[in-house]
Amino acid sequence: PCLTRLCSPIAEKTGKVLGEFCRCYKEQYGVALFNSVRYEIEGNGGPQAQLLHRKVPLEDHVIYSGNLFQYIEENKKWRNRFCVVPHNYGLVLYENKLAYERDLPPRVLVNSAGYKILTSVDQYLELVNSSLPGVTPKSGHSPILKCPTDFPLILWHPYARHYYFCVMTGKEQEKWRAVFQDCVRHCNNGISEDSKVEAPAFTDAVRMYRQSKEQYGTWDMLCGNETQVLSNLVMEELLPELRTTIGPRLKGKAQERQRTWIQISDAVYRMVYEQTKAQYDAAMAKCEQERPQMESTIRTDMDQIITSKEHLASKIRAFVLPKAEVCVRNHVQPYISSILEALMTPTSQGFAEVREVFFKEVTDMNMNIVNEGGLEKLVEYMEKLSHLAFHPVKMQSCYEKMDQLKLEGLQQRFDVSSTSVFKQRAQIHMRQQMDDAVYTFETLLHQELGKLQGKDDLCKSIQRILERVLKKYDYDSSTVRKKFFREALLQITIPFLLKKLAPTCKGELAKFQELIFEDFASFILVENTYEEVVLQSVMKDIMQAVKEAAVQRKHNLYRDSMVMHNSDPNLHLLGEGIPIDWGEEYSGQPEAEPAADKRRRAKQVVSVIQDDEGVLPYKVDAEALLQPGSPELREPEEPDPGVLPSSPDGVEEIREALAKESLGDADDPSGARMPQAVPASPLPRADVPSEARVLHAAPASPTPGAETPSPSAGMACHQSSDKETGEEVAPPGGECSPPQPADTTESGEGVQTEF
């Protein structure tokens, strides 16, 4: 009831924040459009990549699928669920495997952007206790969550609903954790970098809005698609007010108040999300409508706009640069080498591990071909190798290297709230470089196959191609890492400088507005030009630090003057061809299999944990779920004596089932089945090298979709769209049914769709 009374104030506050943001977005849209057109005309490309880039890496593949237990908050019971992670990294939960194979609607869709993956109930309770100050259960009282096994997997979000899972063994937990972390990593990076206007306009607008509120530095919740990021922006301001207003009114024991608060936060987040989506879509549509006229003006008056901007920059530079240089000399320059070294060590170790994993996989494949022989074995191994970069478990040893990243005292000095933004960005680069290496290898090998005579020729060719690809990888890896180091240094130092200079410089910027012609005011902003000048004040030192590291061959970095001549001039033409499907091309099966069979046997990236027919400690009444009248979406509350026993509901019952299972000769219960990449706002882009663009931010997460449903409490969510998340969460053939209101229970009909 108290939330109902607050609906109007919540909508009013949300509208106010979004109104200010949309004003910033409109301003930044014109600047981003100008920068995009200017780049298109002038060009400023860096070194050409030696490796090929795959355009559609995971089409028609599933990352992982398997069984786990999920805690259902509505009836406080644990249920068995069949979880599928499709190529877009959404988490799709089905009633059971049979429901998935019969293409029934999923129970839950989860876009994991902004979530943390926790493997300890104590970790979770610590976060929950801090979310509502003053409400902590007394010692000896039952905690908010009990787990029936020692291997929980909890998805925690500062605003949205939490998800509770558990598995049977530590091995399963580690595999699921790696999969979930990959989902978070991918969904966090939800703003497409292929968009040369909308993406920079959006991230710059977020940065400008936060700086107007005196919030500088990295932001952990700049993650997900645009609507999710804006919802986080609103909640960042709204939640403290709600906590003050609603917190004292919550009744009951500490655990109940905590549970109620989590539900309220989720309901508000959904309301905010729905309003945000509508308002942001309207603002974006208006900018798109005005784009043709703006672009025509830019192309017609490009020279005059550039001249006007350079004149403005010279005036601002004369005013700001002396102060900025003193600030850089005293507060930034002494720490650049320390920051760089802290970044280089774990990052370079991670990229070295990528190289090692790739080398080992290809070498093992080659040895197995020698021992087992035949093109069939090659096809089998190449199908697995082709998706190595998207194998969360095999890539985990690479990603884990970034856990060593520590900025120590530098983090407080430069107001870096978390190193997760850098960890996740480096991990995304690692995955991309691995896939580029694999794709280049399989393209070259595919080209050679028709010329080879016998097994010996094949093995020699594989070894020769491997060596060529590793040389290309070393070059591209060096280029990618140097760019990453420059971007990271900028992201750490520029917000610090802007904050330091704000008291003496920001108030004086208004006087420069008169230097901009009215016709060009949509493409030149004083604030952006000022930030470019500040960036230039530190860019020279950053470039020099990275250059010196390369000259010293630290961490296998190449010098900028080192240019690798393309020994494969036609290689990039090969990369433009039809994607290679090893199984289809060499399997000798001309007939296409039915869609249902294709879905059931969808290729998966990760191998099985155990036998696919392994069962959980109890059986699910599958047949009862498939009766007419949509009962497949209901769970009988009372067991029917005429059907299979239903799953145990309570913690004690599950523990008893587990104990019985461990004493018997039953199959391993996992049933898991796995056969088989944001940027904190970039700084101004014009007149500076491409490296001088700050990383897209990623949210805090221990390591490193689908259209996120309509989040309003009590509102139905619509089907996911590519426009919002770039991908569908539901697996091929699955449609997202309208979601339930916030109070949907497990026994109710419908699909409960989540962020």
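Everything in the sequence shown is counted per our numbering, starting at 62 for the first residue and increasing by one. Even glycine gets a Cβ: it sits at the ideal position worked out from N, Cα and C. Because the structure is a prediction, the values reported are computed rather than measured.
Spatial distance of Ser292 from Lys338 (CA atoms): 9 Å
Through-space distance from Val329 to Thr814, alpha-carbon basis: Caution is warranted here: a pLDDT of 40 is assigned to Thr814, below 50, making its placement in the model unreliable, and the coordinate value is therefore given only provisionally. Thr814 and Val329: Cα-Cα distance of roughly 16 Å.
Continuous alpha helix (DSSP H) assignments of at least 4 residues falling wholly in the segment 176-256: 182-192 and 231-249
Assigned secondary structure, Gly80 (DSSP; H/G/I helix, E/B strand, else coil): helix
Beta-carbon spacing of Val389, Ser69 below 8 Å: no
Length at least 3, wholly inside the segment 107-150: the beta strand (DSSP E) runs in chain order: 122-133 and 138-147
For Val171, the residue or residues it bridges with in DSSP: Leu152
Three-pair Cβ contact test at 8 Å for the segment 238-256 versus the segment 269-287: yes
Whole-angstrom distance between Glu593 and Lys370, CA atom to CA atom: 11 Å
Integer-rounded CB distance, given that Met363 should sit under 8 Å from Arg99: 7 Å
Beta-carbon gap between Arg246 and Leu214 smaller than 8 Å: no
Glu469 (DSSP reduced to helix, strand or coil): coil
Contiguous alpha helix (DSSP H) assignments of at least 4 residues, all confined to the segment 252-288: 259-273
Inter-stretch contact (C-beta, 8 Å, three-pair minimum) for the segment 504-520 and the segment 462-476: no
Whether Met463 touches Thr408 by CB criterion (8 Å): yes
Distance cut-off 7 Å: Leu79 Cβ against heavy atoms of the ligand SAM: No copy of the ligand SAM appears in this structure; indeed no ligand is present at all.
Between the CA atoms of Tyr185 and Asn157 - distance to the nearest angstrom: 27 Å
Residue environment, Lys274, which counts as buried when at least 16 other CB atoms sit within 10 Å: exposed
Counted within 10 angstroms of its Cβ, other Cβ atoms place Ser798 as buried (16 or more) or exposed: In this prediction, Ser798 has a pLDDT of 34, which is less than 50 and means its spatial position is unreliable; what the coordinates show is noted afterwards. It is buried - the Cβ of Ser798 has at least 16 other Cβ atoms within 10 Å.
Residue from Glu469, Gln605 and Glu386 whose Cα sits closest to the Cα of Val595: Glu386
For Tyr619, three-class secondary structure by DSSP: coil
Span separating the alpha-carbon of Lys560 from that of Leu570: 15 Å
CB contact flag (Lys516, Ile430, <8 Å): yes
Touching by the beta-carbon criterion (3+ pairs, under 8 Å), the segment 257-273 and the segment 88-98: yes
Status (buried if at least 16 other CB within 10 Å, exposed otherwise) for Thr279: buried
Stretch pair the segment 292-307 + the segment 77-85: three plus CB contacts closer than 8 Å: yes
Same chain, Cβ closer than 6 Å to Val290, five either side skipped, listed in chain order: Leu283
Alpha-carbon spacing of Pro309 relative to Ile71, whole angstroms: 18 Å
Coil, strand or helix - Thr480 by DSSP: coil
Inter-residue Cα distance where the pair is Leu558 and Asp535: 34 Å
Val454 vs Ala498 beta-carbon contact at 8 Å: no
Outcome for Ala346 when other beta-carbon atoms lying within 10 angstroms are tallied against a minimum of 16: exposed
Cys227 versus Thr480: straight-line alpha-carbon distance, rounded: 28 Å
Coarse secondary structure for Ser583, derived from DSSP in three states: coil
Cβ pair Gln552, Met269 closer than 8 Å: no
As assigned by DSSP and simplified to three states, the class of Phe475: coil
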